[in-house]
Amino acid sequence: MQVNLPMPIDIVTDRDLALISALKDVFPTTNNLLCVSHVNKNVLAKYKPFFETKEDWEEFYAAWRKLGLNGRPIKGVQYLKSGLAILPADANQDAQILEKAPEITAALGCKVEKAEK
1 MQVNLPMPID
11 IVTDRDLALI
21 SALKDVFPTT
31 NNLLCVSHVN
41 KNVLAKYKPF
51 FETKEDWEEF
61 YAAWRKLGLN
71 GRPIKGVQYL
81 KSGLAILPAD
91 ANQDAQILEK
101 APEITAALGC
111 KVEKAEK
């Protein structure tokens, strides 16, 4: 029995590479979005060591949480097929996050850039 269902628009994954590869084959027009919980775990586990002081880390992480990644809908960050884009927020937060873009890219495995309005 064949069922004609529409293709999903978005699928949320934990960045499992085999799953992402399969999704590209099975659902080529579907957006692959990262799970917010997994993004936060990766930021905590992989990005914290790049900060020299506890105060610097806490300041960055407070700005990161303001982006809306603590279980709420993502408002401050868009996951694009090309990577992770920081949407305009507080100018200081943008600068602080973008300053560490190479390290975020290495830790999360995606590109970080400021999105245009």
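According to UniProt numbering, the sequence shown holds residues 1 to 117 in order. Beta carbons are placed, not taken as given, at the ideal position from N, Cα and C, and that holds for glycine.
Boundaries for N4: no alpha helix (DSSP H) harbours it, and the DSSP string shows neither H nor E there. The beta-carbon separation of T30 and P6, rounded to 10 angstroms, does not stay under the 8 angstroms limit for a contact.
In this structure, the alpha-carbon of K41 lies about 40 angstroms from that of Q2.
Taking 8 angstroms as the upper bound for CB-CB distance, L33 and I11 are in contact here, some 7 angstroms apart. Assignment of beta-bridge partners to V12 by DSSP yields L33. Per the coordinates, the alpha-carbon of W57 lies some 27 angstroms from the alpha-carbon of D16.
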